[in-house]
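Here is the structure we will look at, set down as structure tokens.
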Amino acid sequence: MKIEKEKIIHFPEGIPAFEEEKEFVIILNHDSPFSYLQSVKDKDLSFIIINPFEIFNDYDIIIPETARNRLKIERQEDVMIYTIVVIPENIENTTTNLLGPIVINTREMLGKQVILDDERYSTKHFIFNKDSQRKVE
């Protein structure tokens with residue numbers, strides 16, 4: 010896969026459990042709400058991601074100041090938010106992690122998985138169920 014250098018997102022701290030992987034690209038899938046966060050160095054490492062605001066109308070987060078500083082965020086319009094998706098055998102039980110969004114500064118091309126301090130969210134929220142706002146206990 011040919012990757013344009015300017016599309017590489019640098020994750021200085023890696024992603025939890027994959028701290029050694031520092032460079033990723035987003036591979037958009039225009040036919041689906043799902044995209045991929047693909048490691049540049051390890052072709053076998055990718056995460057299925059979504060824009061959570063397209064599915065969860067009331068998803069509302071405040072990026073902690075420490076994360077804003079590390080990502081050099083100055084303007085809200087430079088920020089993209091994604092969440093990691095887990096697709097189990099029964100696709101209807103697909104969940105996403107609203108508690109740990111992937112925050113990207115698109116101007117600086119810096120990214121970080123931010124762990125929120127917000128009891129409204131958990132690491133598993135159903136995507137396809139009728140009451141998709143419900144978190145999995």
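In my numbering, the protein residues as written are 10 to 146.
Note that CB positions come from ideal geometry on N, CA and C, so glycine has one too.
| task | Name the two residues that bound the continuous alpha helix (DSSP H) containing N114. | result | Element bounds for N114: not the alpha helix (DSSP H) but the beta strand (DSSP E), I111 to N114.
| field | N-terminal and C-terminal residue of the alpha helix (DSSP H) that E32 is part of | value | Segment E32 to I36 is the beta strand (DSSP E) holding E32; no alpha helix (DSSP H) there.
| message | So M89 and I70 are supposed to be a Cβ contact under 8 Å. How far apart are they, rounded? | response | The Cβ separation is near 13 Å, so there is no contact.
| query | Where does Q142 sit, in a helix, a strand or coil, going by DSSP? | reply | Low per-residue confidence applies at Q142: pLDDT is 49, beneath 50, and the placement is therefore not dependable, though the value from the model is reported in the following sentence. It is coil, neither helix nor strand.
| query | What is the DSSP secondary structure of F62, counted as helix, strand or coil? | reply | helix
| request: Could you tell me if H39 is buried or exposed, where buried requires 16 or more neighbouring beta carbons within 10 angstroms of its beta carbon? | output: exposed
| message | Could you tell me the alpha carbon to alpha carbon distance between I82 and E98, rounded to whole angstroms? | response | 38 Å
| message | With three or more beta-carbon pairs closer than 8 Å as the criterion, would you say the region 125–132 touches the region 19–29? | response | no
| query | In three-state DSSP terms, what is T75? | reply | helix
| Would S48 be called buried (16 or more neighbouring beta carbons within 10 Å of its own) or exposed? | buried
| query | Contact check, N106 vs T92 under 8 Å by CB: the rounded distance? | reply | 5 Å
| message | I need the boundaries of the beta strand (DSSP E) containing T132, first residue and last residue. | response | It is not in any beta strand (DSSP E) - T132 carries neither H nor E in the DSSP assignment.
| query | From G109 to I17, what does the alpha carbon distance come to, in whole angstroms? | reply | 21 Å
| task | Can you give me the Cβ contacts of K121 inside the same chain, cut-off strictly under 7 Å, excluding the 5 residues immediately before and after it? | result | F20, E22, A76, R79, L80 and V112
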